[in-house]
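According to my numbering, the sequence shown is numbered sequentially starting from 804.
Here is the structure we will look at.
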Amino acid sequence: EINGVRMWTAMHVFTYGVFSFLFRNDTKKIYWSIVSVFIHFSFIIPVFILLIYMILPKQKLGFYFVIYSVSVLFSELDIQSLKDSVINFLPHQLSVKAGEYMNEEYVEVVAENNASLSKYIHITSLLSNYFKLIVIVYLWIKNRTLFVSEEYKKILIFYLVFGAVFEFLSAIPSFGRFLILCNLSFFALLLFLLFKFPIDNKLNTLIKYVSILLILPILFRLRIG
């Protein structure tokens, strides 16, 4: 997107480092992800999650699927208690800015603005989410077939970990932007499975039909552009 230059530049710098690690096993490029913090302060959160992800066990996918599913179903958050927890954790310089994003009045203003948006904007978001959920459920069912390779598994776990965290945090205004970061890894993994290693014809068939859900979201993004 072309608004918020620092935010989106930082996101692509972060993604460059992460994808180099996930898809090419180039651990040296992780430094690029850390550099993103100096472009936009909020990327200290993805960097922190990335560091946790790197030490997490990558064997049992079921646990990560459950955590992700719970986060998707979790619709309400106590902004005030979350605000206190985050602010206590962050350094002083960052806590001031984080407090602005989680201010109760700001949350209400954003909620009112979202309520006034056209219905098709909300429908667009739902369609995109339904597409991802259908694919994730399928990957869960077929994980023993699709994710025999540790390479595929670590990419999926990356998405599930980041997706779980930012589904929870998306209730906070401005944090929903990080779901785009999750989407980048989701669609990268999906394309990876579909085209580079077409190991499951049923996956190709599923995507062929459920991709109809993405028509409106794609047109909407083109309009924004």
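Even for Gly, the Cβ is constructed at its ideal location relative to N, Cα and C.
Item                                                                                                               : Value
Secondary structure, beta strand (DSSP E): runs of 3+ residues fully inside the stretch 942 to 976                 : none
Distance between Y834 and Y819 (C-alpha atoms, nearest Å)                                                          : 10 Å
Pairwise C-alpha distance: R809 and L996                                                                           : 31 Å
Nonlocal neighbours in the same chain, by C-beta distance under 6 Å from L1019, ignoring five residues either side : T927 and L930
Three-state class that DSSP yields for G925 in the structure shown                                                 : Sequence check: residue 925 is His here, not Gly. It is helical.
Start and end residues, alpha helix (DSSP H) containing N1007                                                      : N1004 to V1013
Between the CA atoms of G1028 and Y962 - distance to the nearest angstrom                                          : 25 Å
Neighbour-count burial assignment, Y1031, 16 or more Cβ in a 10 Å radius                                           : Examination of residue 1031 is not possible in this model, given that the chain is present from 804 through 1028 alone.
Limits of the alpha helix (DSSP H) - the one that F866 falls within                                                : L864 to L876
Backbone secondary structure at N932 - three-state DSSP                                                            : helix
Distance, K956 Cα to F950 Cα                                                                                       : 5 Å
DSSP state of H843 mapped onto helix, strand, coil                                                                 : coil
First through last residue of the alpha helix (DSSP H) which encompasses F981                                      : F981 to L994
Of the listed residues I958, P860 and F998, nearest to N986 (C-alpha basis)                                        : I958
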